[in-house]
Amino acid sequence: MGRTEDKLKRIYYGPEGYWRGASAIKKLAAAAGVSEETAKNWLRKQTLWQVYLPVPKYIPRPSFTVNAPNEVHQADLLFLPHDKVRRKTYRYALTAVDIASRYKDAEPMTSKDSGEVAEALGRIYKRGLKWPKLLQVDAGTEFMGVVTKTLKDHSTKIRRAGAEYHRGQSIVERFNKTLAERLFGYQYWKELEDPSKRNREWTQRLPQVIAALNNE
């Protein structure tokens, strides 16, 4: 993690942080001494901030029509509380959505290394989803390197949305928000049962939540 990300994390999750809504961007930027764009891009990856964003009145659609499943997918990385399962500590979930069918899937990950992202994609595409003709992602380094090669090996083109066009990832980002709400809801319930324990369990519940969302 870079120094800037480390600083943002320390401030936002500190005693005076945890700001909600759009106002968090300015407050975090001022406190950390970074640009509002930097603060916004970092907050977009924070599950806690996403959960408390107001629900949009509509989801902007891509500028093209997609009718067939597995033509175009969107993928993103969702940052989640550290969840230790056996000897591994999971910190992220790779999320993917088929644009035409809205079929969803996600895979837990321990890091955002491009090699691990590529492996997670491989596991996702062995299940309900199949390798698409086009995969839309953001410009993060986790979707470069090994991921680029893996997509090429499966004849999948990649389109990276820049920070100035983050609406291009709106469908998968809405999925991230819904997924986080479902996972956090269980954690809050467990903490209400026993306030002395902080619950971070989400990895083992992930398949159940995904199945429920796909059946709605």
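Under UniProt numbering, the sequence shown has 203 at position 203, and the numbering climbs by one with no breaks.
No residue lacks a Cβ here, since even glycine has one placed at the ideal position from N, Cα and C.
- Note on glutamine 204: under 16 other CB atoms within 10 angstroms of its CB, so exposed under the neighbour-count rule.
- In the three-state DSSP reduction, arginine 3 falls in the helix class (H, G or I).
- Here alanine 39 is not near valine 172, since their CB atoms are 8 Å or more apart.
- Taken through DSSP and simplified to helix, strand or coil, tyrosine 90 comes out as strand.
- For lysine 26, there is no enclosing beta strand (DSSP E); the enclosing alpha helix (DSSP H) has its first and last residue at 23-32.
- Spanning the alpha carbons of valine 34 and lysine 112 requires a straight line of approximately 23 Å.
- Contact check for aspartate 105 against arginine 127 passes: the beta carbons are separated by less than 8 Å.
- The shortest CA-to-CA distance from glutamate 71 to any of Leu43, Ile158 and Thr178 is the one to Ile158.
- Nearest to leucine 77 by C-alpha distance, out of Leu183, Asp138 and Thr156, is Asp138.
- With a cutoff of 8 Å on beta-carbon distance, isoleucine 25 and valine 66 are scored as not near each other.
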